[in-house]
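Novice: Under the numbering used here, think of the first position of the sequence shown as 15, with each following residue one higher.
For glycine and all other residues, C-beta sits at the position ideal for the given N, C-alpha and C.
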Amino acid sequence: MSLLITPSPATETADGPWPAGARFGADGHAEVGGVDLTKVAGRFGTPAYVMDEADVRLRCRAYRAALPRAEIAYAAKAFWCRAMAAWIRSEGLALDVCSAGELAVARAAGFPAEKIIFHGNAKTPAELRAAVDERVGRIVVDDLTEINRLAALVPAGMRQKVLVRVIPDIEAGAHAAIRTGGEDHKFGLSIAAGVAREAVNRILRQPRLELVGLHCHLGSQIVAAEPYEQSARVLVEQLARIRDAHGVTLPQLDLGGGHAIAYTSGQAGLAPARLGSLAATVERRCAGIGLPVPRLTVEPGRAIAGPAGVTLYRVIAVKKGLRRTYVAVDGGMSDNPRPAMYGSRYEMRMIGRATHEGERDFTVVGHHCESGDTLAEAVALPADIRPGDVLAVAATGAYNHSMASTYNMTGRPPVVAVSRGKARLVVRREGLDDLLRRDVGL
Ligand SMILES: Cc1ncc(COP(=O)(O)O)c(C=O)c1O
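Right under this line is the structure:
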């Protein structure tokens, strides 16, 4: 068996779309975390999400090394289950959740409540109650009406720590649907329109709320550190304004997540090391206006979970059209809605057997009743690819499992964790029984 290391060196975590522990041989052998992916497909069925535990841990450590004094809060929305919670916790990270469901998983896994930040632009009263009842460390205020509602839920003798999410008015991010830092998005409170200022005034008047800092999140798939430097400058100015207006020095500054990963070889990600300068920017800016340096928080989701995940599909049909040849697999937009939502591109390989055929371009489609159910256009695969072959798709660890649906009454795939040569089922496949159980009938 000839093994070849993929271009994803363990020290430069943002460099390739495959997990650091991925190995591919010319004979079709493919492994992640020391586990043969073809055997995973056989044992757990397809489609299946495979998560490389070591890759997740490596990425957590890269953040801690790049920003040693900052708080690294993993954004659960990228990929979340109890196993992930255990890995994130044992790597010493904090956590960002944005729903009662994500909070429930965290608590079921024993994730410490004080290390949880609760987000959401439209938190329901029940979610606010769950956050307060669970004693989450911080709640991010994203709406004026939320302030009274939240304060009313806090029991006497307790003070709930809150951050205010402001709009720094910086446009960054790979796609309009994932940009959130500019005016006229549904997230955050406008500095320019005076709403952020009003939120601060109201919170400071609430004895059961303790304002501890400001928050912003610019968007996702941001490839440069510069937009973060800009947002840090805007937020430090706001901290100074609050100090001048109210005599209150806020100790925290949360710059959100959104750090890009490579989805295909040659695409640029934003390596955590490149964010190291953020701490210095904040320090310089604070020194310039005589403000104590706040503790920095960053909230990476995709950059921790994304490249750790590989999805395995089985080819069902290879169909020649007039202009293209389609490779149809047993999953699709229900397990990975990103190509249909954002036009996202993915890298994939046929695994499990040797071939001496050259490569040609195929359109890889799913099995759903939707012509937009395309996983990849013009992707190079062996010319003799045929039904029964297994495809491995890279960088599917983030926003695949967490965004999966049951469209066409298709159960969601299992999550298989691989580590040190062992594969473990950590989320089971959703079966027809699960789907039928919800349908209570007439
Ligand atoms: C508030 C907040 N923090 C962090 C993230 C994580 O973003 P990413 O996974 O791109 O790092 C998001 C994503 O939507 C977010 O809304």
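1) On the DSSP bridge assignment, give the partners of A44 in chain order.
2) Once you ignore the five residues that flank V430 on each side, which residues in its own chain have a CB closer than 8 Å to its CB?
3) Quick one: does V307 have its CB under 9 Å from some CB of chain D?
4) Residues bridged to V150 by DSSP?
5) In chain order, what residues of the same chain have a beta carbon less than 6 Å from the beta carbon of G272, not counting five sequence neighbours either side?
6) For E243, write down the residues that DSSP places opposite it in a beta bridge.
7) Round the Cβ separation of I181 and I205 to the nearest angstrom and send it over; I've been treating them as touching at under 8 Å.
8) Can you tell me the Cα-Cα spacing of R443 and A259, whole angstroms?
9) Spatial neighbours of R143 within its chain, please: C-beta separation below 8 Å, excluding the five flanking residues on both sides.
10) Would you list the residues sitting across from E85 in a DSSP beta bridge?
11) With a threshold of 6 Å on Cβ separation, who are the neighbours of E116 within its own chain once the five nearest residues in sequence on each side are excluded?
12) Exposed or buried, C383, counting other C-beta atoms within 10 Å across all chains shown (16 or more means buried)?
13) List the endpoints of the continuous alpha helix (DSSP H) containing K53.
14) Run the CB neighbour count on I303, radius 10 Å, all protein chains shown included, and call it buried at 16 or more, exposed below.
15) Taking the alpha carbon of E313 as the reference point, which residue from A165, D29, L51 and A274 has its own alpha carbon closest?
16) Which class does G302 belong to by DSSP, given the choice of helix, strand or coil?
17) Does ligand 1 have even one heavy atom less than 8 Å from the beta-carbon of S234?
18) What span of residues does the beta strand (DSSP E) with A418 cover, start to end?
19) Comparing alpha-carbon positions, which option in A394, L289 and L305 lies nearest Y340?
20) Please report the Cβ distance between T325 and V209, rounded to the nearest whole angstrom; I am assuming they are in contact, meaning their Cβ atoms lie under 8 Å.
21) Quick one: using the 10 Å Cβ neighbour count with 16 as the cut-off for buried, is P428 buried or exposed?
22) What number of angstroms, rounded off, separates the C-alpha of G372 from the C-alpha of G39?
23) Please identify the residue among K129, V150, E361 and A114 whose C-alpha is closest to the C-alpha of P139.
24) Under three-state DSSP, which class holds E224?
25) Just to confirm my understanding: we take L249, look at its own chain, exclude 5 residues before and 5 after, and list those with CB closer than 8 Å. What are they?
26) Applying the criterion that 16 or more other CB atoms from any shown protein chain within 10 Å of the CB defines a buried residue, is L446 buried or exposed?
27) Go ahead and pull the three-state DSSP assignment for Y327.
28) Return the CA-CA distance between P396 and A68, expressed in angstroms with no decimal places.
29) May I ask you to report which of helix, strand or coil DSSP gives I130?
30) Considering only heavy atoms of ligand 1, does any lie closer than 8 Å to the CB of A129?
31) Can you tell me the Cβ-Cβ gap for R222 and A165, rounded? I've got them flagged as a contact below 8 Å.
32) Is it true that the stretch 284-297 meets the stretch 358-378, where meeting means three or more beta-carbon pairs spaced less than 8 Å apart?
33) Less than 8 Å between the CB of R443 and some heavy atom of ligand 1, yes or no?
34) Return helix, strand or coil for V178, following the three-state DSSP convention.
Specialist: In this structure, then:
1) Per DSSP, F38.
2) Annotation for V430: V54, F58, A62, Y63, V64, M65, A437, R438, L439 and V440 place their beta carbon closer than 8 Å to its own, counting only its chain and skipping 5 residues before and after.
3) Absent from the structure: chain D. Only one protein chain is present.
4) According to DSSP, V150 bridges with nothing at all.
5) Beyond the five residues adjoining it in sequence on each side, G272 comes within less than 6 Å, by CB distance, of L232, G233, S234 and I236 in the same chain, given in chain order.
6) According to DSSP, E243 bridges with nothing at all.
7) Yes, they are in contact, since the Cβ atoms of I181 and I205 sit about 6 Å apart, within 8 Å.
8) In this model, R443 and A259 are separated by some 55 Å (Cα to Cα).
9) Closer than 8 Å at Cβ, skipping near neighbours: L167.
10) T311, per the DSSP bridge assignment.
11) Cβ neighbours of E116 beyond the five flanking positions: A90 and W94.
12) C383 comes out exposed.
13) Here the alpha helix (DSSP H) through K53 covers L51 to F58.
14) With fewer than 16 other Cβ atoms within 10 Å, it is exposed.
15) Looking only at A165, D29, L51 and A274, the smallest Cα-Cα distance to E313 is reached by A274.
16) Per DSSP, reduced to three states, the secondary structure at G302 is helical.
17) Yes, since a heavy atom of ligand 1 falls inside the 8 Å radius drawn around the Cβ of S234.
18) Per DSSP, A418 belongs to no beta strand (DSSP E) and is neither H nor E.
19) Nearest of A394, L289 and L305 to Y340, Cα basis: A394.
20) Wrong, their Cβ atoms sit about 41 Å apart, outside the cutoff.
21) Per the 10 Å Cβ criterion, buried.
22) Rounded to whole angstroms, G372 to G39 spans 16 Å at the Cα level.
23) Comparing C-alpha distances from P139 to each of K129, V150, E361 and A114 shows the shortest one belongs to A114.
24) The answer is strand: DSSP assigns E224 an E or B state.
25) Cβ contact annotation for L249 (same chain, cutoff 8 Å, sequence separation greater than five): V180, P182, L228, C230, L267 and L269, in chain order.
26) Exposed, by the Cβ-count rule.
27) Note: Y327 maps to strand in three-state DSSP.
28) Approximately 30 Å between the Cα atoms of the pair.
29) Three-state DSSP puts I130 in a strand.
30) Strictly speaking, residue 129 in this sequence is Lys, with Ala absent from that position. It does not: the Cβ of K129 is nowhere closer than 8 Å to a heavy atom of ligand 1.
31) Between the beta-carbon of R222 and that of A165 there is about 5 Å, and that keeps the pair under the 8 Å contact cut.
32) Touching, no, given that fewer than three Cβ pairs across the two stretches are closer than 8 Å.
33) No, the beta carbon of R443 sits no closer than 8 Å to any heavy atom of ligand 1.
34) Strand at V178.
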